[in-house]
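Heads up: the structure comes next, in structure tokens.
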Amino acid sequence: MMEDLGVFTRLGDATDVVTKEMYDFVDKGDRHVALRPEQTASVCRAFAQHRPVTPWKAWYSGPNFRYEKPQRGRYRQFDQVGIEVLGVDDPYLDVEVIALGWEFFRRLGLRQVELLVNSLGEPADRARYMTALRDHFEAAGDDLSEQSIMTLDKNPLRVLDSKREQDQPIIAAAPTIDQFWSDEAAAHFETVRSGLDAIGIPFTIEMKLVRGLDYYRRTIFEYVGGTFDSAQNALGGGGRYDGLVEDLGGPPTAGIGFALGVERALLACDDEGVFAAPDAAVDVFVVDTTGGGEALALTTTLRAAGVRSDRAFDNRSMKAQMKAANRSGAAFAAIVGTDEVDAGVVTIRPMRGDGAQVAVARDSLISELQQRLQQPLQESPQ
RNA sequence: GUGGCCGUAGCUCAGCUGGUGGUAGCGCCAGGUUGUGAUCCUGGAGGUCGGGGGUUCAAGUCCCCUCGGCCACCCCA
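The numbering used here numbers the first residue of the first sequence as 3 and each following residue consecutively.
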């Protein structure tokens with residue numbers, strides 16, 4: 003949850019997550035610490051510290067903290083689930099990692115998620131691309147928005163992320179990364195693409211995809227929700243960060259992983275309606291017009307027999323109790339009044355379908371109910 | 001962090017240039033139906049107008065502060 007500030011500052015000085023959004027403070031031991039804004043750096047720090055055997059696969063889930071202005075889908079405390087694999091350079095691993103995240107959303111039931119992939123190339127490719135981009139954007143001069151001119155100074159890649167109208171034509175005319183890929187980076191990416199194709203995972207190559215953390219190189223990817231009106235539409239993302247372990251004091255180590263935003267995934271689930279309506283919480287609602295004592299006895303025996311039951315209180319009118327029974331979602335009402343008590347029976351009334359209510363002996367109530375509860379509900383035409 | 005919008009009944013919201021809080025919809029409760037829900041009809045309850053200060057004879061309405069939410073930028077999960 004907390005790390006020495008230095009673990010995060012190594013993520014890059016052009017990274018807003020580090021420069022603007024860190025929840026950092028000095029503790030009682032005079033250590034400058036920060037609540038983690040993400041977890042990849044912590045995993046790499048742990049790897050550098052403990053040197054596990056590679057390939058090393060790790061997963062995590064838990065809260066992260068960023069000091070931003072909260073908005074829907076963007077919270078100061080948010081949860082991520084993620085995985086990291088360290089020590090493997092093989093592009094087939096990239097495919098496996100990307101596929102795992104894709105499968106996560108697919109199995110949740112989300113159908114409108116889009117997968118974007120790109121390659122930032124080797125560090126040298128990336129450096130040449132940044133130079134070319136800087137030239138391009140500087141040539142645009144004042145046509146570029148003031149904000150972007152400032153971003154350009156720190157990291158020209160990030161200018162591609164601008165959503166300001168004014169910048170769009172200039173961004174559209176910018177050189178693309180693929181022109182700068184080394185043969186090796188291009189081959190790596192080609193294997194990733196063909197691997198995704200081979201296992202049937204649909205994706206879009208997005209040359210303007212740049213991730214917000216500076217440690218990425220080569221393969222990067224993002225899962226984008228299809229239902230979001232707002233700009234917080236990234237449900238998850240990740241990429242390769244070969245070299246990060248080394249930056250944190252470990253041996254040169256390849257690495258790749260992703261993080262998925264739990265809150266945003268849940269928002270997407272709401273939008274797509276993937277969660278079925280909850281089942282009724284009760285099977286039987288006991289209606290007691292004798293004062294409530296019968297309901298106490300009946301709910302007790304029913305619950306003991308594993309029949310989920312509920313009742314009304316305050317000795318309300320039968321009509322009110324029936325309303326409560328209806329609202330509870332119970333399939334049956336078990337009605338007991340003075341007539342039933344005298345006759346030693348309980349009236350079972352189906353709350354759905356067209357079935358008639360019947361009186362059953364009190365002793366056989368549980369078996370009668372259990373039998374009826376096992377039968378499929380007959381929906382009555384509305 | 002910058003800019004904009006919004007907090008009024010349990011929920012969704014009206015409320016004009018300050019002048020007694022809305023017959024609003026949904027929900028809830030009761031009655032119509034003294035043993036029967038989901039429909040219908042009638043009635044009813046429920047509010048520190050987010051909180052605090054100020055201007056005014058008078059503030060839900062105007063001003064300031066504050067808390068919370070939403071949107072865009074930014075950023076990203």
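Backbone N, C-alpha and C define an ideal beta-carbon position, used for all residues, glycine too. In this text, all values refer to a predicted model and were calculated from it rather than measured experimentally.
For Glu248 and Phe80, believed in contact at Cβ under 8 Å, the rounded distance: Position 78 of the first sequence holds residue 80. Position 246 of the first sequence holds residue 248. So it is not a contact: roughly 29 Å between Cβ atoms.
Could you check whether Val115 and Tyr225 sit closer than 7 Å to each other, using their CB atoms as the reference points? Counting from one through the first sequence, the residue named residue 225 turns up at place 223. Counting from one through the first sequence, the residue named residue 115 turns up at place 113. Against a cut-off of 7 Å, the Cβ pair of Val115 and Tyr225 comes out as a contact.
With burial defined as no fewer than 16 other Cβ atoms inside 10 Å of the residue's Cβ, what is the status of Ser382: buried or exposed? In the first sequence, counting from the first residue as 1, residue 382 sits at position 380. With a pLDDT of 42 at Ser382, under the threshold of 50, the modelled position of this residue cannot be trusted, and the question is left open.
With respect to the alpha helix (DSSP H) encompassing Gly103, which residues constitute its N-terminal and C-terminal limits? Your numbering for residue 103 matches position 101 in the first sequence. Start and end: 93–110.
Would you please state the rounded distance, in angstroms, between the beta carbons of Ser330 and Asp312? I believe it to be under 8 Å. Position 328 of the first sequence holds residue 330. Position 310 of the first sequence holds residue 312. That belief holds up - the Cβ atoms of Ser330 and Asp312 are roughly 6 Å apart, short of 8 Å.
If you draw a straight line from the alpha carbon of Val360 to that of Ile337, how long is it in whole angstroms? The sequence position of residue 360 within the first sequence is 358, counting from 1. The sequence position of residue 337 within the first sequence is 335, counting from 1. The straight-line gap from Cα to Cα measures roughly 10 Å.
Residue span of the beta strand (DSSP E) that contains Lys71, given as start and end: In the first sequence, residue 71 corresponds to position 69, counting from 1. It is not in any beta strand (DSSP E) - Lys71 carries neither H nor E in the DSSP assignment.
Over what stretch of residues does the alpha helix (DSSP H) that includes Asp199 continue unbroken? Counting from one through the first sequence, the residue named residue 199 turns up at place 197. Run containing Asp199: 185–200, per the alpha helix (DSSP H) assignment.
Whole-Å CB distance - Leu122 paired with Tyr217, under 8 Å assumed: The residue you call residue 122 lines up with position 120 of the first sequence. The residue you call residue 217 lines up with position 215 of the first sequence. Actually they do not touch by this definition, with Cβ atoms about 10 Å apart.
Gly64 bridges to which residues according to DSSP? Walking along the first sequence from the start, residue 64 turns up at place 62. Answer is Gln82, bridged to Gly64.
Is the beta carbon of Gly84 sitting closer than 7 Å to the one on Ala322? Residue numbering aside, residue 84 sits at position 82 when the first sequence is read from its first letter. Residue numbering aside, residue 322 sits at position 320 when the first sequence is read from its first letter. Taking 7 Å as the Cβ cut-off, Gly84 and Ala322 do not qualify as a contacting pair.
State the DSSP-derived secondary structure class of Pro171, mapped to helix, strand or coil. As a working note, residue 171 is residue 169 in the first sequence. In this structure, Pro171 counts as helix in the three-state DSSP scheme.
Using the Cα positions of Leu88 and Leu246, report the straight-line distance between them to the nearest angstrom. Reading the first sequence from its first residue, position 86 is the one you call residue 88. Reading the first sequence from its first residue, position 244 is the one you call residue 246. Taking the straight line from one Cα to the other gives about 10 Å.
Only counting the same chain, and skipping five residues up and downstream in sequence, which positions put a Cβ closer than 7 Å to that of Ala187? The residue labelled residue 187 in the question sits at position 185 within the first sequence. Here the set comprises Ser121, Gly123, Glu124, Asp127, Arg220.
If we count the other Cβ atoms within 10 Å of its Cβ and call it buried at 16 or more, is Met353 buried or exposed? Taking the first residue of the first sequence as 1, we reach residue 353 at position 351. When all chains shown are included, Met353 counts as buried.
Taking just the CA atoms, how far does Gly295 sit from Asp356? Locating residue 356 in the first sequence gives position 354, where the first residue counts as 1. Locating residue 295 in the first sequence gives position 293, where the first residue counts as 1. Cα to Cα, Asp356 sits roughly 30 Å from Gly295.
Under the DSSP definition of a beta bridge, which residues are partnered with Gly4? For the purposes of this step, residue 4 is identified with residue 2 of the first sequence, where counting begins at 1. Residue identity check: residue 4 is Met in the sequence provided, not Gly. Paired residue(s): Leu37.
Verify whether the separation of the beta carbon atoms of Gly227 and Ala278 is less than 7 Å. Locating residue 227 in the first sequence gives position 225, counting from the first residue. Locating residue 278 in the first sequence gives position 276, counting from the first residue. Against a cut-off of 7 Å, the Cβ pair of Ala278 and Gly227 comes out as no contact.
Give the straight-line distance between the Cα atoms of Trp183 and Ala282, rounded to the nearest whole angstrom. Along the first sequence, read from residue 1 onward, the residue named residue 183 stands at position 181. Along the first sequence, read from residue 1 onward, the residue named residue 282 stands at position 280. Distance between the alpha carbons of Trp183 and Ala282 is about 57 Å.
For the pair the region 144–153 and the region 194–201, tell me if three or more CB-CB distances fall below 8 Å. no
Going residue by residue through the region 213–261, where are the continuous beta strand (DSSP E) segments of at least 3 residues, counting only ones entirely within it? 219–226, 236–242
According to the neighbour-count rule (16 or more other Cβ atoms, all chains shown, within 10 Å of its Cβ), is Phe106 buried or exposed? In the first sequence, counting from the first residue as 1, residue 106 sits at position 104. Flag for Phe106 reads buried.
Span separating the alpha-carbon of Leu13 from that of Ala326: For the purposes of this step, residue 13 is identified with residue 11 of the first sequence, where counting begins at 1. For the purposes of this step, residue 326 is identified with residue 324 of the first sequence, where counting begins at 1. Spanning the two alpha carbons is a distance of roughly 57 Å.
Three-state secondary structure (DSSP) of Lys59: Here residue 59 refers to the residue found at position 57 of the first sequence. Residue state, collapsed to three classes: strand.
Could you give the uninterrupted runs of the alpha helix (DSSP H) lying entirely in the region 336–374, keeping only those of 4 residues or more? 340–345
In whole angstroms, give me the CA-to-CA distance for Trp58 and Ala267. Residue 58 sits at position 56 when you count from the first residue of the first sequence. Residue 267 sits at position 265 when you count from the first residue of the first sequence. Computed Cα separation, rounded: 27 Å.
Measure the Cβ-Cβ separation of Ala36 and Met24 and say whether it is below 7 Å. Residue mapping note: residue 36 aligns to position 34 of the first sequence, counting from 1. Residue mapping note: residue 24 aligns to position 22 of the first sequence, counting from 1. Going by C-beta atoms, Ala36 is nearer than 7 Å to Met24.
According to the neighbour-count rule (16 or more other Cβ atoms, all chains shown, within 10 Å of its Cβ), is His190 buried or exposed? On the first sequence, residue 190 is found 188 positions in, with the first residue counted as 1. Label assigned to His190: buried.
Taking Val97 as the reference, give the member of Gly202, Asp231, Arg130, Gly251 with the closest Cα. By one-based count along the first sequence, residue 97 stands at place 95. Answer by Cα proximity: Gly202.
Any idea what DSSP makes of Phe334, helix, strand or coil? Sequence index remark: in the first sequence, residue 334 carries index 332 (1-based). In this structure, Phe334 counts as strand in the three-state DSSP scheme.
For Val99, collect the residues of the same chain with a Cβ closer than 8 Å to its Cβ; drop the 5 residues on either side in sequence, then sort them by chain order. In the first sequence, counting from the first residue as 1, residue 99 sits at position 97. Answer for Val99: Ile85, Val87, Gly240, Ile258, Gly259, Phe260, listed in chain order.
Under 8 Å by Cβ, that's how I've got Leu162 and Ile173 pegged, so tell me the actual separation to the nearest angstrom. Taking the first residue of the first sequence as 1, we reach residue 162 at position 160. Taking the first residue of the first sequence as 1, we reach residue 173 at position 171. Going by Cβ atoms, the distance from Leu162 to Ile173 rounds to 6 Å, so yes, they are a contact pair.
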